[in-house]
Amino acid sequence: MKKQLLGLAVTMTAVLFSAGVSLAEDKVVNVYNWSDYID
């Protein structure tokens, strides 16, 4: 039981950490013209 709780705590910490990192990043939208894909 303690191993399950420890695993859950580690998983939740990793999820919260990764969510915080992704929220800190700037949002970038790249817009391309169709002519960029035609040779």
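Residue 13 in the working numbering sits at position 28 of the sequence shown, and the numbers go up by one each step. All C-beta atoms, glycine included, are put in the ideal place defined by N, C-alpha and C. From a predicted model like this one, the values you see are computed outputs, not experimental measurements.
In the structure shown, what three-state DSSP assignment does residue i receive?
i	result
Y17	coil
G12	The residue asked about is misnamed: residue 12 is Lys in this sequence, not Gly. Residue state, collapsed to three classes: coil.
M(-3)	helix
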